[in-house]
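Novice: My questions will all concern the structure given below.
Chains as they are written, first to last, in this note's numbering: chain A, 7 to 166; chain B, 2 to 137; chain C, 923 to 1284.
Have a look at this one:
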């Protein structure tokens, strides 16, 4: 009896379409949602807050605010997507392909501002700081003058 | 929709532990697990049981504080399946448990460092200790 | 007085999916005693909780085991949500249960393939794993991963799954049901399979209760223990749920229970997809667990009852996270099932217990 069931299964497998694929000659399309690796969309949108570095469970992102640099190790990354979900400017995206085969698994992907952009950013920051300092100085001076004027007026009144 | 099962935690002293578990066995409670936590200066054991008629799956947990160097009686007389957890607790945390029905004496879990989860125990109990406990 | 020999079984053996060592004490050809030793896959994941905070640790719990991966992230999330008093949305609870039942199906299909391979019936192994590919493709289309899908998180479910996608999933599973039934029947009604499995490794109901066994291993000995009966989460909204029981107590009964559980999972998924409510899937999570708070939850994983315990200490790292998996509870039952069994039947008995040693050792 069992031979009929087994025979049925065998004949069906012999004459139906093969369920396997002739890889590597035929490669299946990766699904759109597949999780492979992370990349940054545009470095100019990044505010270097460091949330992605804090949330990564595999320690594969390093954010350097002073140097305006974002470094990523694709071979340490486990493609969980925590950084993509937590970025406040939505500047990270999940790509669907795994990183390419290589012999050096400490390679990094670095995004940083160019030298002119960094210099420009530093200059703007310096200008802002100078302006803020000047405004604080002016305010202090005005307050000191006002106090002196009040004391003079009070001294006159007391002297009277 | 019910979200979680109710939990009932009870603090139990080390000397009445065996009687409490024997009482639960009498009432046909089912055994779930034994777990240990390393605290600042002692260890804490958690024994978990489920009542036989718990429709909502209420879990009963007995919390026992074990000072360093104290010995804990085994409950394998009442629940034979507990030997796995008691051997594991001894091998990973260095807590001395006596009277286990299948006592592997430190050879159950193959780890490269003695008592990896509890660094204090590794200092207090140097190698080749705890082989034959003299509590009967 | 016959001579006793000790034969080491494992850690490397063709029928074992994961390494475990057993010293089999034999008298002639009968196993008298089996002494287990574990620790070959110990990664110290419970100690890693000191280094990774509670939102990062969910990705570590997923990687405890490849077969029960979603179950561990689900149990961890539920435990931390209970610790911090977070309530998730209904839609997230339904999605979690649907994916957990899909995970159960994938685990049982994998087990069926391994069992057939242990017999030497490789064609059935290939058929069962071909059906498993349908389930893995469903996972990859929806969440992006085949085995480890990073979908469950503290606060809900990370992916938005539309109702059309869910209807598509149910249609695929209905097509799978008939093929699966043919394949399972071919294995279970074969006379040579029956002669190797009926009456082997018998455990009576009383012994199963005494040894605190869990999961399909215990349900095959007529012990009605199933955590889904508690009705926690979306399981409470099912119209009727009965655990699949069998009173054989031997290897054949265990196979029968697992085969029927796959069909029960397909029914549960269809029912829940009909009833799923609309809404958000993630709830924002802020703050840290309180100092001294503790929480315990249980979950029915494919292999039995899994237990999760967490303890907070006021910082963003948990003080303790404990996972107790069903296989460690069943080791005593495994040792009992292996007594009075011939040496040639040992692989069969171990495969029908379905051990997952990487869960046991974390």
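Note that CB positions come from ideal geometry on N, CA and C, so glycine has one too.
1. Enumerate in chain order the residues of its own chain whose CB-to-CB distance from residue 119 of chain B is below 6 angstroms, with the five nearest sequence positions on each side excluded.
2. Strictly below 8 angstroms CB to CB, what residues from chain B border residue 1256 of chain C?
3. Taking only three categories from DSSP, how would you classify residue 25 of chain A?
4. Tell me the DSSP bridge mates of residue 958 of chain C?
5. Going by other Cβ atoms of all chains shown within 10 Å of its Cβ, with 16 needed for buried, is residue 964 of chain C buried or exposed?
6. Less than 8 angstroms between the CB atoms is what I'm expecting for residue 101 of chain A and residue 43 of chain A, so what's the real figure, rounded?
7. Report the residues of the stretch 1228-1255 of chain C with a CB closer than 9 angstroms to any CB of chain B, ordered along the chain.
8. Would the stretch 1170-1185 of chain C count as touching the stretch 1106-1124 of chain C if we require 3 or more Cβ pairs under 8 angstroms?
9. Leaving out five residues on either side along the sequence, give the residues of the same chain with a beta carbon under 6 angstroms from the beta carbon of residue 105 of chain A.
10. For residue 99 of chain B, which residues does DSSP report across the bridge?
11. Please confirm if residue 1042 of chain C has its CB atom under 8 angstroms from at least one CB of chain A.
12. Looking at chain C, is there any beta carbon in it that lies within less than 8 angstroms of the beta carbon of residue 12 of chain A?
13. Closest to residue 68 of chain B by CA distance: which of B:84, B:89, B:92 and B:43 is it?
14. Between the Cα of residue 926 of chain C and those of C:944, C:951, C:941 and C:939, spot the shortest distance and give me the residue it belongs to.
15. Under 7 angstroms Cβ to Cβ from residue 57 of chain A, same chain only, skipping five residues before and after it: list those, please.
16. List, in order along the chain, the chain B residues whose C-beta lies closer than 9 angstroms to that of residue 1134 of chain C?
17. Give the range of the alpha helix (DSSP H) segment to which residue 1280 of chain C is assigned.
18. Looking at chain A, which residues of the stretch 1107-1125 of chain C have a Cβ within less than 8 angstroms of any of its Cβ atoms?
19. Mind checking who residue 44 of chain B pairs with in its DSSP beta bridge?
20. How many Å lie between residue 1007 of chain C and residue 1240 of chain C at the Cα?
21. Taking residue 1086 of chain C as the query, report the chain A residues whose CB atoms sit under 8 angstroms from its CB, ordered along the chain.
22. Does the CB of residue 37 of chain A have a neighbour CB from chain C at under 8 angstroms?
23. At 7 angstroms on the CB atoms, spell out the chain B contacts of residue 989 of chain C, in chain order.
24. Excluding the five sequence neighbours on either side, which residues of its own chain have a C-beta within less than 6 angstroms of the C-beta of residue 1250 of chain C, listed in chain order?
25. List the residues that DSSP assigns as beta-bridge partners of residue 77 of chain A.
26. Scan the stretch 977-1007 of chain C and note each continuous alpha helix (DSSP H) run of 4 residues or more that stays entirely inside, going in chain order.
27. Excluding the 5 residues preceding and the 5 following residue 167 of chain B in the sequence, name in chain order all residues of the same chain whose CB lies nearer than 6 angstroms to its CB.
28. Leaving out five residues on either side along the sequence, give the residues of the same chain with a beta carbon under 6 angstroms from the beta carbon of residue 8 of chain B.
29. Anything in chain A within Cβ reach of residue 1067 of chain C, meaning under 7 angstroms, just list it in chain order.
30. Could you give the distance in angstroms between the alpha-carbon of residue 1154 of chain C and the alpha-carbon of residue 991 of chain C?
31. Do you know offhand how far residue 1200 of chain C's Cα is from residue 90 of chain A's?
32. So if I threshold CB-CB distances at 9 angstroms, which residues from the stretch 76-91 of chain A count as touching chain C?
33. Taking only beta-carbon atoms, is residue 1052 of chain C less than 8 angstroms away from chain A?
34. Would you please state the rounded distance, in angstroms, between the beta carbons of residue 957 of chain C and residue 942 of chain C? I believe it to be under 8 angstroms.
35. Does chain B have any CB closer than 8 angstroms to the CB of residue 1274 of chain C?
36. Residues of chain C with a CB under 7 angstroms from the CB of residue 8 of chain B: which are they?
Specialist: The answer reads as follows:
1. Once the five neighbours on either side are set aside, the close Cβ partners of residue 119 of chain B are 39, 94 and 95.
2. The premise fails here: residue 1256 of chain C is roughly 10 angstroms from chain B at the closest Cβ pair, so nothing lies under 8 angstroms.
3. coil
4. C:944
5. buried
6. Confirmed, about 5 angstroms.
7. Cβ contacts with chain B come from 1229, 1231, 1233, 1241, 1242, 1244, 1246, 1250, 1251, 1252, 1253, 1254 and 1255.
8. Output reads yes: the stretch 1106-1124 of chain C touches the stretch 1170-1185 of chain C.
9. 43 and 80
10. B:74
11. Cβ-Cβ to chain A under 8 angstroms: no for residue 1042 of chain C.
12. yes
13. B:43
14. C:951
15. 92, 93 and 94
16. Within 9 angstroms Cβ-Cβ: 31, 32, 33, 80, 81, 82 and 83.
17. 1279-1283
18. 1107, 1108, 1111, 1112, 1113 and 1114
19. B:39 and B:67
20. 15 angstroms
21. Simply none; closest approach about 15 angstroms.
22. yes
23. The premise fails here: residue 989 of chain C is roughly 20 angstroms from chain B at the closest Cβ pair, so nothing lies under 7 angstroms.
24. 1282
25. A:68 and A:116
26. 979-984 and 991-1006
27. Shown here, chain B extends from 2 to 137; a query on residue 167 of chain B therefore has no answer.
28. For residue 8 of chain B, where only same-chain residues beyond five positions count, the Cβ hits under 6 angstroms are 60.
29. When 7 angstroms is used as the limit between beta carbons, residue 1067 of chain C is near these residues of chain A: 41, in chain order.
30. 20 angstroms
31. Spanning the two alpha carbons is a distance of roughly 25 angstroms.
32. Per Cβ criterion, the list reads 84, 85, 86, 87, 88 and 91.
33. Yes, its Cβ sits closer than 8 angstroms to a Cβ of chain A.
34. In this structure residue 957 of chain C is not in contact with residue 942 of chain C, their Cβ atoms being roughly 11 angstroms apart against a cut-off of 8 angstroms.
35. no
36. Counting only Cβ-Cβ distances below 7 angstroms, residue 8 of chain B has contacts in chain C at 1217 and 1218, in chain order.
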